[in-house]
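Those letters in the sequence shown? Residues 111 to 174, per the numbering used here, in order.
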Amino acid sequence: MRVEVDRELCESNAVCVGVAPDVFELGDDDLARPLVDEVPPDREAAVREAVALCPKVALTLHDS
């Protein structure tokens, strides 16, 4: 599974970073970005939660 951040929608709320700090970070531009190309299987539940909680719906999951 991959996760994509829509940089046009992201408002730097950092909910994703709070839920999965090992998968997301805020970049120098204060927008979220994934730290991994593929979400590790043991982190899929946390990433799904981050996607569900994103207040701007800026995260999208893609099957690998």
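Beta carbons: idealized from backbone N, C-alpha and C, even for Gly.
Inside the segment 112-156, DSSP marks whole alpha helix (DSSP H) runs of 4 or more residues at positions 125-129, from first to last along the chain. The criterion of a C-beta distance shorter than 7 Å is satisfied by V157 and V133. Straight-line spacing of the CA atoms in E118 and G137 works out to 14 Å.
Of the other Cβ atoms in all chains shown, fewer than 16 fall within 10 Å of the Cβ of L145; this residue is therefore exposed. Burial check for L169: the Cβ neighbour count within 10 Å reaches 16 or more, so the residue is buried.
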